[in-house]
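Colleague:
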Amino acid sequence: MRLALFDLDNTLLAGDSDFEWAQFLIEQGVLDREVYEARNQAFYDQYKAGTLDIHEFLDFQLKPLARHPRAQLDAWHAEFMARKIIPMVAPGTPALLEKHADDVRVIVTATNSFVTRPIADHLGIAHLIATEPEAIEGEFTGRVVGTPSFREGKVARLEEWLAGRGKSWADVETSWFYSDSLNDLPLLARVRHPVAVDPDATLKAHAEQAGWPVISLR
1 MRLALFDLDN TLLAGDSDFE WAQFLIEQGV LDREVYEARN QAFYDQYKAG
51 TLDIHEFLDF QLKPLARHPR AQLDAWHAEF MARKIIPMVA PGTPALLEKH
101 ADDVRVIVTA TNSFVTRPIA DHLGIAHLIA TEPEAIEGEF TGRVVGTPSF
151 REGKVARLEE WLAGRGKSWA DVETSWFYSD SLNDLPLLAR VRHPVAVDPD
201 ATLKAHAEQA GWPVISLR
């Protein structure tokens with residue numbers, strides 16, 4: 001198995017789908033701007049600084065899903081895709097994905113699968129490892145199922161994904177991981193070919209010191 005792994009936000013996308021989803025709900029009047037906008041920005045700043053408490057953030061991010069019927073959420077998401085996400089796809093993303101067309105391509109993202117599954121479908125990537133929001137009879141509860149796909153959790157979730165296919169790292173002939181974020185250092189260190197994509201300052205310094213390629217998709 002030749003495994004090509006891709007972070008999503010600020011890597012394949014020239015922006016952050018998690019952050020933009022909350023902003024979209026604020027713009028729609030679904031979330032109160034005064035209450036949510038500052039918190040959304042604060043969590044995003046913590047993420048970029050590597051200090052995010054993922055469980056505190058997920059409580060903030062997933063609870064709005066539990067307040068609305070799934071049909072309404074899906075309708076909002078379709079508009080979100082058209083207005084926010086499709087214009088956000090980085091210019092170099094299609095060529096990078098095509099480069100790995102003969103490999104097993106997987107998006108590995110901390111952002112929840114409700115937000116990211118339609119994005120992966122739009123990009124033509126069948127395999128998605130994301131944080132999983134709990135749903136009962138199709139409706140979200142506001143809680144998380146399993147390990148969040150964040151930092152070391154990305155490694156754990158990838159190993160679970162491989163095991164679910166009767167595979168392990170020993171079956172991976174070669175591997176790549178493309179990411180922008182210092183938060184992805186655990187998985188970048190695990191693959192054979194780590195690649196920093198439009199990286200934050202911490203990841204850029206680490207990549208340069210380690211001799212990892214640094215590329216831009218923008």
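For what it's worth, my numbering labels the leading residue of the sequence shown as 1, then goes sequentially.
Note that CB positions come from ideal geometry on N, CA and C, so glycine has one too.
For the region 26-59, list the alpha helix (DSSP H) runs that are entirely contained and at least 4 residues long, ordered along the chain.
Modeller: 33-49
Colleague: Can you tell me whether DSSP reads A90 as helix, strand or coil?
Modeller: Residue 90 sits at position 90 when you count from the first residue of the sequence shown. In this structure, A90 counts as coil in the three-state DSSP scheme.
Colleague: Is it right to say A205 is buried, meaning 16 or more other beta carbons lie within 10 angstroms of its own, or is it exposed?
Modeller: Looking up residue 205 in the sequence shown gives position 205. Exposed is the call here.
Colleague: Would you call the region 92-107 in contact with the region 67-81, where contact means no fewer than 3 C-beta pairs closer than 8 Å?
Modeller: no
Colleague: Is there contact between the region 4-15 and the region 176-188, where contact requires at least three CB pairs shorter than 8 Å?
Modeller: yes
Colleague: Does the Cβ of D102 have 16 or more other Cβ atoms within 10 Å, making it buried, or fewer, making it exposed?
Modeller: Here residue 102 refers to the residue found at position 102 when the sequence shown is read from its first residue. That one is exposed.
Colleague: Spell out the partners DSSP gives L5 in its beta bridges.
Modeller: In the sequence shown, residue 5 corresponds to position 5, counting from 1. Answer is V106 and F177, bridged to L5.
Colleague: When DSSP builds the beta bridges, which residues end up paired with I215?
Modeller: Position 215 of the sequence shown, counted from the start, is the residue given in the question as residue 215. Note: I215 sits in a beta bridge opposite V197.
Colleague: Please confirm whether D9 and T111 have their CB atoms less than 8 Å apart.
Modeller: Within the sequence shown, the letter at position 9 stands for residue 9. Within the sequence shown, the letter at position 111 stands for residue 111. A contact, by the Cβ cut-off of 8 Å.
Colleague: Could you tell me which residues DSSP pairs with I129 in its beta bridges?
Modeller: In the sequence shown, counting from the first residue as 1, residue 129 sits at position 129. Its beta-bridge partners are V108.
Colleague: Count the C-beta pairs between the region 123-140 and the region 36-53 that are closer than 8 Å, then say yes if the count reaches three, no if not.
Modeller: no
Colleague: Nearest to P118 by alpha carbon, out of S149, A196, E34 and I86?
Modeller: Mapped onto the sequence shown, residue 118 falls at position 118. The option with the nearest alpha carbon to P118 is I86.
Colleague: Hey, is the region 41-56 in contact with the region 155-165, meaning 3+ C-beta pairs nearer than 8 Å?
Modeller: no
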